[in-house]
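So the structure is just underneath, and the comments pick up after that.
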Amino acid sequence: MVSQREYESMRETLYLMASPVNRRRLSEAVARLEAGGGTVHELADEDASA
209 MVSQREYESM RETLYLMASP VNRRRLSEAV ARLEAGGGTV HELADEDASA
């Protein structure tokens, strides 16, 4: 038995990986991050948009 949150996460993963093109793009992005790529960004302040 799994929690609702974990079940929804698994469904989302299956959905995202269903497309071969999307699966490749996601895998390449993960590989770039694991190789030290990427940049750090500050989170936007939710109050600033109001």
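Numbering-wise (this note's numbering), the sequence shown opens with residue 209 and increments by one.
Each residue gets a CB set at the ideal place from its N, CA and C atoms; glycine is no exception.
In this text, all values refer to a predicted model and were calculated from it rather than measured experimentally.
Distance CB(residue i)-CB(residue j) smaller than 9 angstroms
| i | j | result |
| --- | --- | --- |
| L224 | L234 | yes |
8 angstroms CB neighbourhood of residue i in its chain, flanking five on each side removed
| i | result |
| --- | --- |
| N230 | L224 |
Boundaries of the alpha helix (DSSP H) in which residue i is found, first to last residue
| i | result |
| --- | --- |
| E242 | 228-242 |
Residue i (DSSP reduced to helix, strand or coil)
| i | result |
| --- | --- |
| S217 | helix |
| D255 | helix |
| M209 | coil |
Cutoff 7 angstroms; reference residue i; Cβ partners in own chain excluding five residues on either side
| i | result |
| --- | --- |
| G246 | R240 |
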